[in-house]
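**Q**
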Amino acid sequence: MKLRFAPSPTGYLHVGNARQAVANYLFARRHGGRFILRLDDTDTSRSRPEYVDGIHRDLAWLGLNWDEEVRQSERRDIYDAVIEKLKASGRLYPCFESEHELNAKREMRIRAGKPPLYDRAMLKLTADQRARAEANGKVPYWRFKLTDGSKKWNDLVMDECSVKLTAISDPVLIRADGTILYTLASVIDDLEMGITHIMRGEDHITNTGVQIDIAEAITGKPAPFTFAHLPLLLDTDGGKLSKRFDSLGLKSLRADGIEPMSIVSYIARVGTSDDPDVITMQEAIDSYDISHVSKSAARFDMRQLLALNRKALHNLPFEKAKAHLPAEATEEFWNAVRGNVDISAEIPHWWDVTQGTIISPPQPDDRDFLQTALDTLPDSPWSEDTWKEWTNILKERTNRKGKTLFMPLRLALTAEEKGPDLPTLLALMGRERVISRLKDAIRA
Numbered sequence: 007m008k009l010r011f012a013p014s015p016t017g018y019l020h021v022g023n024a025r026q027a028v029a030n031y032l033f034a035r036r037h038g039g040r041f042i043l044r045l046d047d048t049d050t051s052r053s054r055p056e057y058v059d060g061i062h063r064d065l066a067w068l069g070l071n072w073d074e075e076v077r078q079s080e081r082r083d084i085y086d087a088v089i090e091k092l093k094a095s096g097r098l099y100p101c102f103e104s105e106h107e108l109n110a111k112r113e114m115r116i117r118a119g120k121p122p123l124y125d126r127a128m129l130k131l132t133a134d135q136r137a138r139a140e141a142n143g144k145v146p147y148w149r150f151k152l153t154d155g156s157k158k159w160n161d162l163v164m165d166e167c168s169v170k171l172t173a174i175s176d177p178v179l180i181r182a183d184g185t186i187l188y189t190l191a192s193v194i195d196d197l198e199m200g201i202t203h204i205m206r207g208e209d210h211i212t213n214t215g216v217q218i219d220i221a222e223a224i225t226g227k228p229a230p231f232t233f234a235h236l237p238l239l240l241d242t243d244g245g246k247l248s249k250r251f252d253s254l255g256l257k258s259l260r261a262d263g264i265e266p267m268s269i270v271s272y273i274a275r276v277g278t279s280d281d282p283d284v285i286t287m288q289e290a291i292d293s294y295d296i297s298h299v300s301k302s303a304a305r306f307d308m309r310q311l312l313a314l315n316r317k318a319l320h321n322l323p324f325e326k327a328k329a330h331l332p333a334e335a336t337e338e339f340w341n342a343v344r345g346n347v348d349i350s351a352e353i354p355h356w357w358d359v360t361q362g363t364i365i366s367p368p369q370p371d372d373r374d375f376l377q378t379a380l381d382t383l384p385d386s387p388w389s390e391d392t393w394k395e396w397t398n399i400l401k402e403r404t405n406r407k408g409k410t411l412f413m414p415l416r417l418a419l420t421a422e423e424k425g426p427d428l429p430t431l432l433a434l435m436g437r438e439r440v441i442s443r444l445k446d447a448i449r450a
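Residue numbers (our numbering): 7 to 450.
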């Protein structure tokens, strides 16, 4: 078994194509297969080295190690040999119409109540007509002649699928400048590399019918692939997530402090009958079952991802959390704050709360109470018991209790309405910092 993830290095990875990468990786590893990274970089005008580096970095960050890497830009000789074979068989044929001419033809067919399909006029081109066109400076682009009828396959997700080829225009596979398009290069690669299973988005279903036809034209045999088309990812409102990928790029999620296994855990199970949970990579591999993927579109809920990430951080032991923590942070600090961070990017704030500086909000109605709090602050020894001793004194002096007692103190000491337990934070802050913040709060 051999599967491939084939991103185009014309941008950075987002949760949509990361989902395909995870699906291919988990399926391959579950069944003892190989996982290939194939960079579909035939679009030389848009492919960039920084995007290649980004793909490498993001996949490694997610923990998806690949067995082999292939670049389409280095395989032109292989493509050329197949192209010549398809030209000789008549399945690739030259075309000379301009975009303006094609648009005019489409409009005429629409006005006549016909589907706007290519009319295959260039199939009738004689050798003399082609020679005259080329003598006049025209360079052909090449279309693939689709067979009549339909192409059918049993999809691992969508069950029986069928694409009616007579309802599709013969696709352009080679541009006039000689650039080979993805539709052809991908088929040649899949055949030559021995890919057995192709897992991708359901937006490729029509393309799959075309590529099966191309594969059979190349080999003269039934296409040797098993397909699995994953339903689209939608946002929480049911809209297409693809329009919002900028905010869900892996680069951004990593910078925001989302744990990689939170992402893998979530997108491995979103749209399946399995409940999302924070799991290890081996657990994800062992539990991945393509038959659990629903045919319906799945909703990507950022709140669910954050909930998983919160759980992942809460369960992260100190030794593994060190990568996210300031160098001076102790295990006591991590144990105090880890239940109150959704993303690791929030950790520096709590470090400032316990060891740095904050700006407390004004509390004019509580100024006298804060002055009393300052006056009654216990001396050493300073520990988690200090909080109880201190607040007991304040209850007696002010007759305050509950929220009216605790909230002004929390705001003055942390500048937050919610957060880790104050007894623990007080112990980490130290007496001098608590005094300083109370004075600042009183002045505010």
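Every residue, glycine too, gets a C-beta built ideally from N, C-alpha and C.
The structure displayed is predicted, hence computed values, not measured ones.
Between Val440 and the rest of its own chain, which residues show a CB-CB distance below 8 Å, the 5 nearest in sequence each way excluded?
**A** Closer than 8 Å at the Cβ level, and outside the excluded window around Val440, lie Leu383, Leu419, Leu432.
**Q** By how many angstroms is the C-alpha of Met413 removed from the C-alpha of Val76?
**A** Going from the Cα of Val76 to the Cα of Met413 covers about 59 Å.
**Q** Whose C-beta lies closer than 7 Å to the C-beta of Ser366 among residues of the same chain, with five residues either side of it excluded?
**A** So the qualifying residues of the chain are Leu417, Ala418, Ala421, Arg443, Asp446, Ala447, Ala450.
**Q** By alpha-carbon positions, which one of Ser79, Ala29, Phe41 ends up nearest to Thr50?
**A** Nearest of Ser79, Ala29, Phe41 to Thr50, Cα basis: Ser79.
**Q** Specify whether the segment 94–105 and the segment 53–67 touch according to this definition: at least 3 beta carbon pairs, one from each stretch, less than 8 Å apart.
**A** Result no; under three Cβ-Cβ pairs closer than 8 Å.
**Q** Is it buried or exposed, Glu265, if we count other Cβ atoms within 10 angstroms and call 16 or more buried?
**A** By the 10 Å Cβ count, Glu265 comes out buried.
**Q** Around the C-beta of Met205, are 16 or more other C-beta atoms found within 10 angstroms, so that it is buried, or is it exposed?
**A** Buried: at least 16 other Cβ atoms inside 10 Å.
**Q** Within a Cβ cutoff of 6 Å, which residues of the same chain sit near Pro429, ignoring the five residues on either side of it in sequence?
**A** Hits under 6 Å: Glu390, Trp393.
**Q** Only counting runs of 4 or more residues, tell me where the alpha helix (DSSP H) segments fall wholly within the segment 283–345, in order along the chain.
**A** Listed in chain order, the complete alpha helix (DSSP H) runs (minimum 4 residues) inside the segment 283–345 are 287–293, 308–320, 324–327, 337–343.
**Q** Please tell me whether Leu187 and Gln26 are closer than 8 Å, where the distance is taken between their beta carbons.
**A** No. Outside cutoff.
**Q** Can you give me the Cβ contacts of Thr360 inside the same chain, cut-off strictly under 7 Å, excluding the 5 residues immediately before and after it?
**A** Correct list, in chain order: Phe339, Leu431, Leu434, Met435.
**Q** Could you please give me the residues that DSSP links to Gln435 through a beta bridge?
**A** The question names Gln, yet the displayed sequence has Met at residue 435. Looking at the DSSP assignment, Met435 forms no beta bridge with any residue, so it has no partner.
**Q** Taking DSSP as the reference, what is the three-state secondary structure of Leu98?
**A** Of the three classes helix, strand and coil, the one that applies to Leu98 here is strand, per DSSP.
**Q** Indicate the three-state DSSP secondary structure (helix, strand or coil) for Met229 in the structure shown.
**A** The residue you asked about is not Met; residue 229 is Ala in the sequence shown. In the structure shown, Ala229 sits in coil (DSSP, three-state: anything other than H, G, I, E or B).
**Q** Give the secondary structure of Ala234 by DSSP, where H, G and I count as helix, E and B as strand, and everything else as coil.
**A** DSSP places Ala234 in strand when its eight states are reduced to three.
**Q** Taking contact to mean at least 3 C-beta pairs separated by less than 8 Å, is the segment 108–122 in contact with the segment 217–236?
**A** With a cut-off of 8 Å, the segment 217–236 and the segment 108–122 do not count as touching, because too few Cβ pairs lie within range.
**Q** Just to confirm the assignment, what range does the alpha helix (DSSP H) spanning Glu140 have?
**A** 133–141 is the span of the alpha helix (DSSP H), which, as asked, contains Glu140.
**Q** Cα-Cα, which of Thr278, Phe306, Asp292 is closest to His298?
**A** Closest by alpha carbon: Thr278.
**Q** Across which residues does DSSP place Asp154 in a beta bridge pair?
**A** Answer is none; Asp154 lacks a bridge partner.
**Q** DSSP puts Ile204 in a beta bridge; with which residues?
**A** Beta-bridge pairing links Ile204 to Phe233.
**Q** Taking only the alpha-carbon atoms, compute the straight-line gap between Thr232 and Val145 and give it to the nearest angstrom.
**A** Straight-line Cα distance between these residues: approximately 37 Å.
**Q** Does DSSP classify His37 as helix, strand or coil?
**A** Three-state result, His37: coil.
**Q** Is it true that the segment 188–199 meets the segment 216–224, where meeting means three or more beta-carbon pairs spaced less than 8 Å apart?
**A** They touch, by the three-pair rule.
**Q** Kindly indicate the opening and closing residues of the beta strand (DSSP E) around Leu179.
**A** Per DSSP, Leu179 belongs to the beta strand (DSSP E) from 178–180.
**Q** Measuring alpha carbon to alpha carbon, tell me which residue in Val193, Glu395, Thr404 is nearest Arg373.
**A** Selected option, being the one with the closest Cα: Thr404.
**Q** How many Å lie between Tyr124 and Glu198 at the Cα?
**A** Distance between the alpha carbons of Tyr124 and Glu198: 30 Å.
**Q** Excluding the five sequence neighbours on either side, which residues of its own chain have a C-beta within less than 7 Å of the C-beta of Ala335, listed in chain order?
**A** Around Ala335: Trp357.
**Q** Is the CB-CB distance between Ile42 and Arg82 below 8 Å?
**A** Taking 8 Å as the Cβ cut-off, Ile42 and Arg82 do not qualify as a contacting pair.
**Q** Report buried or exposed for Met114, applying the criterion of at least 16 other Cβ atoms within 10 angstroms of its Cβ.
**A** The residue is exposed, with fewer than 16 neighbouring Cβ atoms inside 10 Å.
**Q** When burial is assigned at 16 or more other CB atoms within 10 Å of the CB, is Gly60 buried or exposed?
**A** Buried, because 16 or more other Cβ atoms sit within 10 Å of the Cβ of Gly60.
**Q** So, do the segment 63–72 and the segment 29–48 have three or more beta carbon pairs nearer to each other than 8 Å?
**A** Output reads yes: the segment 29–48 touches the segment 63–72.
**Q** Beta-carbon within less than 7 Å of Thr185's beta-carbon, same chain only, minus the 5 sequence neighbours each way: which residues are those?
**A** Result list for Thr185: Thr48, in chain order.
**Q** Would Asp427 be called buried (16 or more neighbouring beta carbons within 10 Å of its own) or exposed?
**A** Answer is exposed; the Cβ neighbour count stays below 16.
**Q** Whole angstroms is fine: what's the gap from Phe102's alpha carbon to Phe150's?
**A** Whole-angstrom Cα-Cα distance: 14 Å.
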